[in-house]
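Chains W and C, in that order, are what the protein sequence lines are.
Going by the numbering used here, the first residue of the first sequence is number 451, and it counts up by one from there.
Going by the numbering used here, the first residue of the second sequence is number 115, and it counts up by one from there.
Don't be surprised by glycine CBs; every beta carbon is placed ideally from N, CA and C.
Reading through the structure tokens given below for one structure.
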Amino acid sequence: EAQVTQNPRYLITVTGKKLTVTCSQNMNHEYMSWYRQDPGLGLRQIYYSMNVEVTDKGDVPEGYKVSRKEKRNFPLILESPSPNQTSLYFCASSARDSYGYTFGSGTRLTVV
Amino acid sequence: DQQVKQNSPSLSVQEGRISILNCDYTNSMFDYFLWYKKYPAEGPTFLISISSIKDKNEDGRFTVFLNKSAKHLSLHIVPSQPGDSAVYFCAASRYSGGGADGLTFGKGTHLIIQP
């Protein structure tokens with residue numbers, strides 16, 4: 451089944467403890483993105499990647515890192531999480547020359 | 115500065131009637147527009163899209179209209195069904211050749227279909 455898989459689905463962590471949210475897609479898509487969803491703010495882009503080793507900042511990149519070493523994987527790294535990064539995170543991927551992003555099921559992160 | 119605006123946080127429509135969801139944008143570089151539907155505890159799913167060179171696109175019960183001069187698009191759902199109850203996000207892309215740099219989303223409109 452064609453899908454974007456995020457792990458974990460739920461995570462509670464403490465301030466300052468580094469964490470990684472994994473994202474993997476099995477559709478051989480070139481484009482991948484990370485978004486966060488917050489009440490009243492909709493979906494905001496954190497980082498995006500056009501291809502392997504090509505990444506760039508979205509609208510809210512502060513406090514996040516990404517890497518794209520392989521085409522299928524696009525992990526989101528929080529080096530020192532803070533409570534304002536408590537949010538619902540979505541990874542998405544799309545084929546080249548396509549706009550139809552496929553989204554993962556989301557990761558609900560709570561930083562205490 | 116929000117580039118894609120959905121000014122109605124929620125909308126309630128009776129089953130069988132038409133649902134109209136609105137979206138405005140400010141960036142004239144946007145070249146392609148999409149609507150996504152989202153249920154609780156799931157990721158957004160693609161619904162319908164429209165290129166800036168068109169003013170209408172239809173897919174079954176769903177029609178998207180684009181008024182480029184007014185920087186306005188709308189999604190019409192006819193007839194509305196209970197399963198249409200969800201949050202709808204309007205999204206836009208600057209690239210005509212694909213969403214290479216991702217999508218810019220509005221804040222969403224929660225559509226509630228009442229029996």
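In three-state terms, what does DSSP make of Asn-181(C)? strand
As assigned by DSSP and simplified to three states, the class of Asn-171(C): strand
May I ask you to verify whether the region 206-220 of chain C touches the region 137-153 of chain C, counting CB pairs closer than 8 Å and requiring at least 3? The answer is yes - the region 137-153 of chain C touches the region 206-220 of chain C, with three or more Cβ pairs under 8 Å.
Would you please verify whether the beta carbon of Gln-535(W) is less than 8 Å from any beta carbon of chain C? no
Taking buried to mean at least 16 other C-beta atoms within 10 Å of its own C-beta, is Ala-452(W) buried or exposed? exposed
Apart from the five residues just before and just after Pro-229(C), which ones in its own chain have a Cβ nearer than 7 Å to its Cβ? Glu-129, Pro-196.
Given a threshold of 16 other Cβ atoms within 10 Å of its Cβ, counted over all protein chains shown, does Gly-490(W) qualify as buried or as exposed? exposed
Would you call the region 543-560 of chain W and the region 504-519 of chain W in contact, with 3 or more CB pairs under 8 Å? They do not touch, by the three-pair rule.
Identity of the residues DSSP links to Val-127(C) by a beta bridge: Ile-227(C)
Would Leu-491(W) pass as an interface residue toward chain C - the criterion being a Cβ-Cβ separation below 8 Å? yes
Through-space distance from Pro-525(W) to Gln-456(W), alpha-carbon basis: Cα to Cα, Gln-456(W) sits roughly 9 Å from Pro-525(W).
Just the Cα atoms here: how many angstroms apart are Phe-553(W) and Ser-499(W)? 15 Å
How big is the Cα-Cα spacing for Leu-187(C) and Met-482(W)? Rounded to whole angstroms, Leu-187(C) to Met-482(W) spans 26 Å at the Cα level.
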